[in-house]
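Worksheet: one structure, shown below.
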Amino acid sequence: MALKIIKEEALKNVTKYSVMAILGMIGYLILNILEVLNPLWDKLIPELQNKKLVNLLGLSIIVIFIMSIYLAWLLFHKSSNKSTNELKPKFGVYWDKEGNPFCPNCKKLLGSPSAKGYAFNCKICKIYVQLIDNKTMDEIPLTYAVKNLPF
Numbered sequence: 442m443a444l445k446i447i448k449e450e451a452l453k454n455v456t457k458y459s460v461m462a463i464l465g466m467i468g469y470l471i472l473n474i475l476e477v478l479n480p481l482w483d484k485l486i487p488e489l490q491n492k493k494l495v496n497l498l499g500l501s502i503i504v505i506f507i508m509s510i511y512l513a514w515l516l517f518h519k520s521s522n523k524s525t526n527e528l529k530p531k532f533g534v535y536w537d538k539e540g541n542p543f544c545p546n547c548k549k550l551l552g553s554p555s556a557k558g559y560a561f562n563c564k565i566c567k568i569y570v571q572l573i574d575n576k577t578m579d580e581i582p583l584t585y586a587v588k589n590l591p592f
């Protein structure tokens, strides 16, 4: 289960940086196209002496490009925080919809359970987290906890 989450997070990061690189390449391509079209515009519109329209067009394309990068960053930033908002507390830890346990303090994914499957060690907070049944206050194994999650 934890390996699945790690793979998903790595895929999100690869996707995020790939989109940012593609947007950068598109911006570079747009600037090169503007350079190539500049002599063509001179032939088509010879009365345009100071090229204000061309400069305004180039500036607007650059502004739209910068805004699209900012929008992409906002969308990816929002999606990366989304996973911690969907965690539900149960048995002394937080759980996602796939049944992966998260630390009650830092809400980061907990590693592998102890040998008996009753507890976890959070590497970030440096705490020992036990799975506790809320009704009986007894330790419970991971398999029991996953089977009894409310979602």
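Heads up: the sequence shown begins at 442 in the working numbering, then just goes up one per residue. Heads up, the beta-carbon is just placed ideally off N, CA and C, and yes, glycines get one too.
Query, Result
"What residues are listed by DSSP as bridge partners for phenylalanine 517?", "None; phenylalanine 517 has no bridge partner."
"Does the distance from the CB of asparagine 589 to the CB of lysine 531 come in under 9 Å?", "yes"
"With a CB to CB cut of under 6 Å and the five nearest residues on each side skipped, what residues in its chain are close to glycine 499?", "Leu475"
"Among residues of its own chain, excluding the 5 on either side of serine 509, which ones have a beta-carbon nearer than 7 Å to its beta-carbon?", "Leu464"
"Check proline 530 in the structure and name its three-state DSSP category.", "strand"
"Alpha carbon to alpha carbon, what distance is there between alanine 586 and asparagine 575?", "11 Å"
"Measuring alpha carbon to alpha carbon, tell me which residue in Ile507, Lys538, Val460, Leu516 is nearest proline 591.", "Lys538"
"Here's the rule: buried if 16 or more other CB atoms are within 10 angstroms of the residue's CB, otherwise exposed. What is alanine 462?", "exposed"
"Leaving aside the five residues before and after lysine 523 along the sequence, list all residues of the same chain whose C-beta is less than 8 Å from its C-beta, in chain order.", "Unreliable placement is indicated for lysine 523, whose pLDDT of 46 sits below 50; the coordinate value is still reported in the next sentence. Hits under 8 Å: none found."
"Which term fits asparagine 541, buried or exposed, when burial requires 16 or more other beta carbons within 10 angstroms of its beta carbon?", "buried"
"For lysine 457, collect the residues of the same chain with a Cβ closer than 6 Å to its Cβ; drop the 5 residues on either side in sequence, then sort them by chain order.", "Phe517"
"I need the straight-line Cα distance from proline 582 to leucine 528, nearest angstrom please.", "20 Å"
"Where does isoleucine 573 fall in DSSP's three states?", "strand"
"Is lysine 564 closer than 9 Å to glycine 552 when the C-beta atoms are compared?", "yes"
"Is it right to say proline 480 is buried, meaning 16 or more other beta carbons lie within 10 angstroms of its own, or is it exposed?", "exposed"
"Answer yes or no: do cysteine 544 and phenylalanine 561 have a C-beta to C-beta separation smaller than 9 Å?", "yes"
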